[in-house]
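Q: Keeping their order, the protein sequence lines are chains E and D.
What the first sequence shows, in our numbering, is residues 1 to 239, in sequence order.
What the second sequence shows, in our numbering, is residues 1001 to 1480, in sequence order.
We treat Cβ as the ideally placed atom computed from N, Cα and C, and that holds for glycine.
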Amino acid sequence: MSDQDITFTIDGVEITAKPGQTIMEAADEAGIYIPRLCDHEGLRHQGGCRVCTVKANGRSVAACTQPAAAGIAVENENTHVNKMRRDLVEMLFHEGNHLCPICEASGNCELQAMAYRLEMVDPTRFPYLEPCRAVDASHPDIALDTNRCISCGRCIRASKDVDGKGVFGYVGRGIHRRVAVNGEDLAHTDADAADHAMSDEVCPVGCIIRKRVGFVTPIGEREFDKGLIGYEIEGKRRG
Amino acid sequence: MAEPRLIEISPVTRVEGHGKVTIHLDRDNNVDEARLHIVEFRGFERFIRGRLLWEVPVIVQRLCGICPVSHHLAAAKAMDVICGVDELPPTAEKMRRLMHYGQVMQSHVLHFFHLSAPDLLFGFGAPAEKRNIFEVIKENPELGRRAVLMRKFGQEIIEATAGKKIHGTGAIPGGINRNLPIETRDAFLKTIADMEEWALDALALARGYSLDHADIVDNFASFPSNFMSIVREGDGALDLYHGNLRALDPQGDVIFDQLEYSRYHEKIVEDVRSWSYMKFPFIRDLGAEKGWYRVGPLARMNTASFIDTPLANEAHKELKAVTGGAPNNAALNNHWARMIEVVHCVEKIRELLHDPDLQGTDLQAKGDRREEGVGVIEAPRGNLIHHYQVDENDQVTYCNLIVSTTHNNDAMNKAVKDVAVKHLSGHEQITEGMLNHVEVAIRAYDPCLSCATHALGQMPLQIELFDADGALVDSRAQAA
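#1: Give a yes or no on whether the minimum CB-CB distance between Lys1077/D and chain E is below 8 angstroms.
#2: Determine, using beta-carbon pairs with one atom in the stretch 208-223 of chain E and one in the stretch 1168-1185 of chain D, whether at least three such pairs fall under 8 angstroms.
#3: Starting from Asp1193/D and walking both ways along the alpha helix (DSSP H), at which residues does that stretch end?
#4: Please report the Cβ distance between His139/E and Ala191/E, rounded to the nearest whole angstrom; I am assuming they are in contact, meaning their Cβ atoms lie under 8 angstroms.
#5: Checking 8 angstroms against the spacing of the C-beta atoms, do Gly1367/D and Gly1084/D come in under that value?
#6: Considering Cys1399/D, what are the terminal residues of the beta strand (DSSP E) in which it resides?
#7: On the DSSP bridge assignment, give the partners of Gly47/E in chain order.
#8: To which residues of the same chain is Glu14/E closer than 8 angstroms at the C-beta, ignoring the five residues directly before and after it?
#9: What is the DSSP secondary structure of Asp995/D, counted as helix, strand or coil?
#10: Taking buried to mean at least 16 other C-beta atoms within 10 Å of its own C-beta, is Lys1138/D buried or exposed?
#11: Who does Asn1244/D pair with in a DSSP beta bridge?
#12: Which residue or residues does DSSP assign as beta-bridge partners of Tyr1293/D?
#13: Use the C-beta contact count for Asn1328/D: other C-beta atoms within 10 angstroms, 16 or more gives buried, fewer gives exposed.
#14: Going by beta-carbon coordinates alone, are Leu1240/D and His1100/D separated by less than 8 angstroms?
#15: Do Gln1395/D and Leu1052/D have their beta-carbon atoms positioned less than 8 angstroms apart in this structure?
#16: Exposed or buried, what is Asp28/E when buried is set at 16 or more other beta-carbons lying within 10 Å of its beta-carbon?
#17: Identify which residue in Ala143/E, Gly227/E and Val54/E has its Cα closest to the Cα of Ala134/E.
#18: For Gln1103/D, is the classification buried or exposed, using 16 other Cβ atoms within 10 angstroms of its Cβ as the cut-off for buried?
#19: Do Leu1363/D and Arg1185/D come within 8 angstroms of each other at the CB atom, strictly closer than that value?
#20: Taking Cβ to Cβ, would you say Val81/E is nearer than 8 angstroms to Thr53/E?
#21: Listed in chain order, which residues of the stretch 179-191 of chain E have Cβ atoms closer than 9 angstroms to some Cβ of chain D?
#22: Between the stretch 84-115 of chain E and chain D, which residues of the former have a C-beta closer than 7 angstroms to a C-beta of the latter?
#23: Alpha helix (DSSP H) containing Leu1110/D: first to last residue?
#24: Inspect the CB distances between the stretch 1029-1045 of chain D and the stretch 1414-1432 of chain D and report whether three or more fall short of 8 angstroms.
#25: Which residue comes first and which comes last in the alpha helix (DSSP H) that contains His1316/D?
#26: In terms of residues, what are the limits of the alpha helix (DSSP H) holding Asp1410/D?
#27: If the cut is a Cβ gap below 8 angstroms, which residues of chain D does Lys226/E touch?
#28: DSSP three-state call for Ala187/E: helix, strand or coil?
#29: The beta strand (DSSP E) that contains Ala62/E, what's its start and end?
#30: Would you please state the rounded distance, in angstroms, between the beta carbons of Ile1486/D and Ala1365/D? I believe it to be under 8 angstroms.
#31: Relative to the C-alpha of Thr65/E, which candidate in Leu129/E, Gly227/E and Arg50/E has its C-alpha closest?
#32: Hey, which unbroken runs of the beta strand (DSSP E) at 3 residues or more fall wholly within the stretch 124-148 of chain E?
#33: Name the chain D residues whose beta carbon is nearer than 7 angstroms to that of Val216/E?
#34: For Lys211/E, decide whether its Cβ has a neighbour in chain D, counting only Cβ atoms nearer than 8 angstroms.
#35: Can you find a CB in chain D that lies within less than 8 angstroms of the CB of Ile219/E?
#36: Could you tell me whether the Cβ of Ala70/E comes closer than 8 angstroms to any Cβ of chain D?
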């Protein structure tokens, strides 16, 4: 711990943060998992999905963008905070067409895994919007099934900031805001299967699909067959 | 003179899916018309369009929760063709076969013990409260225990090969996504001897029923028909996973044989009738009137030249001897045939468990893309055809499914009429037990109604309005 480091608490546990770190970055290093969907290692923080909402001194903030501050008391795992998160995740299910039983991302999907972690057991409170979206399979190696898109923007940031391309961007406003390709379809962009934006880890759901893969990973060996989402971060703490 | 009556059996019970039977009785209480209606609608043929080919085997198996493996494998076989794979690695082919034998075993056990045993043990006209699996268990706890454990064994085979007992993901275009670990194999080997013993006992039960009740069996929904299934390439042996099409006429003479199943549409066409969501396939050369046929366990016993496992083959010979080698027409003998197939599946599972190829690591083959593929399998309930076309973007553009229950549509309707005429005609009082006879006839085919209704578009619909005397007052028809 250097002189400039600060300390604060998450659910009563004292945490050390380096200068400029967000609450989430400090928590990750300490082995405390804060749920998130739009945030991803190696990409700039966006604070869009709000699934990482925590209470900092009683005020709701996005842990992925809120700088850690000395002495703050952060509430992460409690009924009230998790209910807010569960409501957000539930609304994401209602906004798209998420058919887990037939989705090849099932078991690797962060949205599905988050629903399990947050114990979303009654996904019938809100009306399903059932948007009508076609699959864009024009690219020889990649297909986009935007029925499953949650507008997290991870592909937008990966393409722009890591690949230096800008294959994806947001269009529309409010409830109509969605991710679109900068072209007539994906085949008319400079998307490439080797792009970071197209890698398995960037899309948290089954929207960006690599062709010729399908269900090649058996049940039992998928990412979240190994544990609840966040298990790797929480594993650091358990040693 | 009585008024004309319409009797409705709705829903038909102890079958998969939703259907009903309508029986029209005239003023003399004679059966005028009797039909099996499928009242649910699924539509998979339409909404699979636009999906990517690699998803198809997982999506279409959602047709059914009883035998999803059949759809999973038929679709995977079609996608093998589309992915340019004509021969799977041995591990993939054998894992798929193991999955399929587990599936046929558990489905047949479910049907025989859970759905049909109450009729066979207690009588077709027994009180309704008696005709259920719980009463079977109460009367014969050991039989009930075996039924549960045999089904469990089959389901666990499916889990070991597909990842889940229901709706797994094992078969992928060109292969399989897992092999069978040694420890899993050894666990199955510990119980396979019990399974064989119990399967033989179940076979004895079914055979005994047919032989001891020949007067009932031979006169209950028994009528001549054509039969169709796939049989093994070359020698015509029973093969539930792969082979060529064979169709026999009521005398047992060949209508077509060793026909590559990719050419099914040259021989099979589908008719649509105004009163059912289920299509009526028939053999093109014979026409709709004479070309209808039966599929399923009894049909397979009729079409197969022999069975390549010793215990099942002996049982097959015994069944064939009843009719002197000619096709067996008695619908109730489907139960006997089903138990022969359970024995066959157990023998095949044992054989595969001793095969080291199941521990191989070459799981998937690749090839050059094609635009069209047909996959055919013998599902528990009979022949199952999946046919797809896929465009240059890898999206499905066409899907045709001919499901076992659809193949048997005409036969089930004839069985309903046959039984209704024999057991209901002339009776003023129609009892629940009498109506169960109609259901028993349907149950013999083990129909899966939810699997069988898919075509979407402008369905042919006919509405008829009758007055109290049964006279047609008005009708409205919508063309197909």
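A: Well, looking at it:
#1: For the purposes of this step, residue 1077/D is identified with residue 77 of the second sequence, where counting begins at 1. Taking Cβ atoms only, chain E never reaches closer than 8 angstroms to Lys1077/D, which makes this a no.
#2: Taking 8 angstroms as the limit for Cβ pairs, the verdict is that the stretch 1168-1185 of chain D does touch the stretch 208-223 of chain E.
#3: Taking the first residue of the second sequence as 1, we reach residue 1193/D at position 193. A small fix is needed here, since residue 1193/D is Ala in this sequence, not Asp. In the DSSP assignment, Ala1193/D falls within the alpha helix (DSSP H) that extends over Ile1182 to Asp1212.
#4: Here residue 139/E is taken as the residue at index 139 of the first sequence, counted from 1. Here residue 191/E is taken as the residue at index 191 of the first sequence, counted from 1. The distance from the Cβ of His139/E to that of Ala191/E is about 6 angstroms, consistent with a contact at the 8 angstroms cut-off.
#5: For the purposes of this step, residue 1367/D is identified with residue 367 of the second sequence, where counting begins at 1. For the purposes of this step, residue 1084/D is identified with residue 84 of the second sequence, where counting begins at 1. Taking 8 angstroms as the Cβ cut-off, Gly1367/D and Gly1084/D qualify as a contacting pair.
#6: Here residue 1399/D is taken as the residue at index 399 of the second sequence, counted from 1. Its beta strand (DSSP E) spans residues Val1396 to Ile1402.
#7: Residue mapping note: residue 47/E aligns to position 47 of the first sequence, counting from 1. In the DSSP output, where bridge partners are listed per residue, Gly47/E has none listed.
#8: The residue labelled residue 14/E in the question sits at position 14 within the first sequence. Taken in chain order, the residues that qualify are Thr7 and Phe8.
#9: One cannot answer for residue 995/D here, as it falls past the ends of chain D, which runs 1001 to 1480.
#10: Along the second sequence, one-based indexing puts residue 1138/D at 138. Exposed is the call here.
#11: On the second sequence, residue 1244/D is found 244 positions in, with the first residue counted as 1. In the DSSP output, where bridge partners are listed per residue, Asn1244/D has Val1231/D.
#12: Reading the second sequence from its first residue, position 293 is the one you call residue 1293/D. According to the DSSP secondary-structure assignment, Tyr1293/D is paired through a beta bridge with Asn1226/D.
#13: The count along the second sequence starts at 1 and reaches residue 1328/D at position 328. Per the 10 Å Cβ criterion, buried.
#14: Walking along the second sequence from the start, residue 1240/D turns up at place 240. Walking along the second sequence from the start, residue 1100/D turns up at place 100. Their beta carbons are under 8 angstroms apart, which means Leu1240/D touches His1100/D by this criterion.
#15: The residue you call residue 1052/D lines up with position 52 of the second sequence. The residue you call residue 1395/D lines up with position 395 of the second sequence. Yes, the pair counts as a contact, with Cβ atoms nearer than the cut-off.
#16: Taking the first residue of the first sequence as position 1, residue 28/E is located at position 28. Under this definition Asp28/E is a buried residue.
#17: On the first sequence, position 134 is the one that residue 134/E refers to. For Ala134/E, the nearest C-alpha among the options comes from Ala143/E.
#18: By one-based count along the second sequence, residue 1103/D stands at place 103. When all chains shown are included, Gln1103/D counts as buried.
#19: One-based indexing of the second sequence puts residue 1185/D at position 185. One-based indexing of the second sequence puts residue 1363/D at position 363. In this structure, the beta-carbon distance from Arg1185/D to Leu1363/D does not fall below 8 angstroms.
#20: In the first sequence, residue 81/E corresponds to position 81, counting from 1. In the first sequence, residue 53/E corresponds to position 53, counting from 1. Yes, the Cβ-Cβ distance between Val81/E and Thr53/E is below 8 angstroms.
#21: The residues in question are Ala187.
#22: Going along the stretch 84-115 of chain E in chain order, one finds Pro101, Ile102 and Glu104 with a Cβ nearer than 7 angstroms to chain D.
#23: Within the second sequence, numbered from 1, the residue matching residue 1110/D stands at position 110. Unbroken run through Leu1110/D: none, as it is neither H nor E.
#24: Inter-segment contact for the stretch 1029-1045 of chain D and the stretch 1414-1432 of chain D is present: three or more beta-carbon pairs are separated by less than 8 angstroms.
#25: Mapped onto the second sequence, residue 1316/D falls at position 316. Counted as a single uninterrupted DSSP element, the alpha helix (DSSP H) harbouring His1316/D occupies residues Pro1310 to Val1322.
#26: In the second sequence, the residue the question calls residue 1410/D occupies position 410. DSSP places Asp1410/D inside the alpha helix (DSSP H), whose first and last residues are Asn1409 to Leu1424.
#27: The residue labelled residue 226/E in the question sits at position 226 within the first sequence. Chain D residues near Lys226/E: none, gap ~15 angstroms exceeds 8 angstroms.
#28: For the purposes of this step, residue 187/E is taken as the residue at position 187 of the first sequence. Under the three-state reduction of DSSP, Ala187/E is assigned to helix.
#29: Sequence index remark: in the first sequence, residue 62/E carries index 62 (1-based). Unbroken beta strand (DSSP E) run through Ala62/E: Arg59 to Ala62.
#30: Coverage of chain D is limited to positions 1001 through 1480, which leaves residue 1486/D absent and any answer about it impossible.
#31: Start at 1 with the first residue of the first sequence, and residue 65/E comes out as number 65. Residue nearest to Thr65/E within the set Leu129/E, Gly227/E and Arg50/E is Arg50/E (criterion: CA-CA distance).
#32: Qualifying beta strand (DSSP E) stretches, in chain order: 142-145.
#33: Reading the first sequence from its first residue, position 216 is the one you call residue 216/E. Residues of chain D passing the Cβ test: Ile1172 and Asn1177.
#34: The residue labelled residue 211/E in the question sits at position 211 within the first sequence. So yes, Lys211/E belongs to the interface.
#35: One-based indexing of the first sequence puts residue 219/E at position 219. Yes, its Cβ sits closer than 8 angstroms to a Cβ of chain D.
#36: Taking the first sequence and counting its residues from 1, one reaches residue 70/E at position 70. False, the Cβ-Cβ gap to chain D never drops below 8 angstroms.
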